[in-house]
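Novice:
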Amino acid sequence: MSSNNIPLRPGRRPGKSETRTQILESARRAFSQNGFARTTVRAIATEAQVDPALIHHYFGSKEQLFTAAIALPLDPKKVLAPVHSSTSDQLGTSLLTAVLGVWESEHQAAILAAFRSAISGEGTRLIQSFLLNIVLRDIIPRVDSPAGTGIIRAELVASQIAGLLVTRYILELEPLKSLSVDALVPLVAPNLQRYLTGELPI
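See the structure below:
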């Protein structure tokens, strides 16, 4: 079925603000229920009863729509650029530095609010999708040795990062909360690096 045949809601044509909100609400439901990888732009458009072209008009790409759906005030691609350009033996350090750099930036309040909201109820699926399909997606094939271990390596890293963010920024455990990023990265990054490129007993 062509995008032109997608039925629109009857009545007054929705305004730009209403249409954008409508798309975001449908996207949140779809990403929460199905995860990032199994959610398509067309499915979101059908749920929102809009032309798929409107999603690209308002949000650009599926990744940008996902970022908007979880209310992140930044572009993950720009944040992760140093990670993707780093060597394999520096992935743990570059990834943790990038993540903590964002949380320690002027965007901290907005990111914290989005994170708190996402870890409640069905929003946990959004966090899972964000970590595996946005933050770690391009890293998985780089660390897939032996073949088939890339995903478990990524999930181990995700567990470490998520746990660190919760204990440092949500629970605010001391002295972890007060450690500088420069002090924290050397403590945690070696664990991430071991998960990414070290030998796994599986």
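At position 55 of the sequence shown the residue is numbered 1239 (my numbering), and the sequence of numbers has no breaks.
Idealized CB from N, CA, C, for every residue including glycine.
#1: In whole angstroms, what is the alpha-carbon distance linking GLU1383 and ALA1214?
#2: For VAL1391, which option in LEU1348, LEU1355, ILE1354 has the closest C-alpha, if you only look at C-alpha atoms?
#3: Measuring only the C-alpha atoms, how far is ALA1221 from GLN1312?
#4: Assign ARG1204 to buried or exposed, taking buried as 16 or more other Cβ atoms, counted over all protein chains shown, within 10 Å of its Cβ.
#5: Taking its Cβ as the centre, do 16 or more other Cβ atoms sit within 10 Å of GLN1217, making it buried, or is it exposed?
#6: Could you have a look at GLN1233 and say whether DSSP puts it in helix, strand or coil?
#7: With C-beta atoms as the reference, is LEU1275 less than 8 Å away from VAL1267?
#8: Do you know offhand how far ALA1373's Cα is from THR1277's?
#9: Just the Cα atoms here: how many angstroms apart are ARG1193 and ASP1273?
Specialist: Walking through what the data contain:
#1: Looking up residue 1383 in the sequence shown gives position 199. Looking up residue 1214 in the sequence shown gives position 30. About 37 Å.
#2: Residue 1391 is absent from the model: the chain starts at 1185 and stops at 1386.
#3: Here residue 1221 is taken as the residue at index 37 of the sequence shown, counted from 1. Here residue 1312 is taken as the residue at index 128 of the sequence shown, counted from 1. Computed Cα separation, rounded: 11 Å.
#4: Looking up residue 1204 in the sequence shown gives position 20. ARG1204 comes out buried.
#5: Residue 1217 sits at position 33 when you count from the first residue of the sequence shown. Exposed, since its Cβ has fewer than 16 Cβ neighbours within 10 Å.
#6: On the sequence shown, position 49 is the one that residue 1233 refers to. Reduced to three states, the DSSP call for GLN1233 is coil.
#7: In the sequence shown, residue 1275 corresponds to position 91, counting from 1. In the sequence shown, residue 1267 corresponds to position 83, counting from 1. Contact: yes.
#8: Position 189 of the sequence shown holds residue 1373. Position 93 of the sequence shown holds residue 1277. Distance between the alpha carbons of ALA1373 and THR1277 is about 5 Å.
#9: Translated into the one-based positions of the sequence shown, residue 1193 becomes position 9. Translated into the one-based positions of the sequence shown, residue 1273 becomes position 89. With a pLDDT of 45 at ARG1193, under the threshold of 50, the modelled position of that residue is not reliable, and no figure is offered here.
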